[in-house]
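Going by numbering that gives the first Met the number 0, the first residue of the sequence shown is number 0, and it counts up by one from there.
Ideal Cβ placement from N, Cα and C applies to all residues, glycine included.
Just so we're clear, the structure is a prediction, and the values are computed from it rather than from any experiment.
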Amino acid sequence: MAASLNCLLLGNTSFDDAFVINVGRNNVEIDNLKISDLKVLILDRKKSKLGIDNVDLMNLWKVDVAESDEYKLKDFKVNEDNKVVGAKFLTPIHKFNECFKDKELNQGNIHVIVQLLAAGKCL
0 MAASLNCLLL GNTSFDDAFV INVGRNNVEI DNLKISDLKV LILDRKKSKL GIDNVDLMNL
60 WKVDVAESDE YKLKDFKVNE DNKVVGAKFL TPIHKFNECF KDKELNQGNI HVIVQLLAAG
120 KCL
């Protein structure tokens with residue numbers, strides 16, 4: 000199984016700012032891929048845009064937003080507990096294929112919100 004995830008940096012509110020991460024076409028077999036590996040793929044692909052060099056400064060959040068519901072992207076905000084309201088935290092040790100089932104992925108939707116953390120604020 001291979002998958003394409005549409006990702007968006009927290010705070011961006013347009014599908015024009017989304018980027019795609021292809022999973023399962025790399026050195027790690029998708030059955031063994033963990034969310035921590037997905038963080039590495041995102042960092043490798045978007046390092047200059049993210050402005051970080053450590054995956055520990057990034058949290059990933061699962062969402063499912065259609066382009067017709069683009070206005071909902073502005074609702075993803077960080078609360079006082081440093082959690083993204085309306086999204087499900089992707090735990091780094093969980094397997095990718097447990098969090099993202101192939102039949103659940105609508106290829107036109109945003110699947111992942113990338114939250115950048117200040118040093119010392121990791122969950």
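Going by alpha carbons, who is nearest to residue i out of the options?
i, options, result
"Ile112", "Ala2, Leu7, Ser3 and Ala1", "Leu7"
"Ser13", "Lys45, Lys100, Lys102 and Phe75", "Phe75"
"Gln114", "Val84, Glu97, Glu103 and Ile92", "Val84"
"Asn53", "Leu9, Asp43 and Glu79", "Asp43"
"Ser67", "Phe18, Ala117, Leu4 and Asn105", "Asn105"
Identify every residue that forms a DSSP beta bridge with residue i.
i, result
"Val62", "Its beta-bridge partners do not exist; DSSP assigns none."
"Ser3", "Asn21"
"Phe14", "According to DSSP, Phe14 bridges with nothing at all."
"Gln106", "Answer is none; Gln106 lacks a bridge partner."
"Lys87", "Lys61"
Would you kindly report the start and end of the unbroken alpha helix (DSSP H) that includes residue i?
i, result
"Ile41", "Ile34 to Leu49"
"Phe95", "Phe95 to Cys98"
Got a sec, what are the start and stop residues for the beta strand (DSSP E) residue i sits in?
i, result
"Leu56", "No beta strand (DSSP E) holds Leu56; DSSP gives it neither H nor E."
How about the segment 98 to 111 and the segment 52 to 68: do they share at least three Cβ pairs that are nearer than 8 Å?
At 8 Å Cβ cutoff, the stretches touch.
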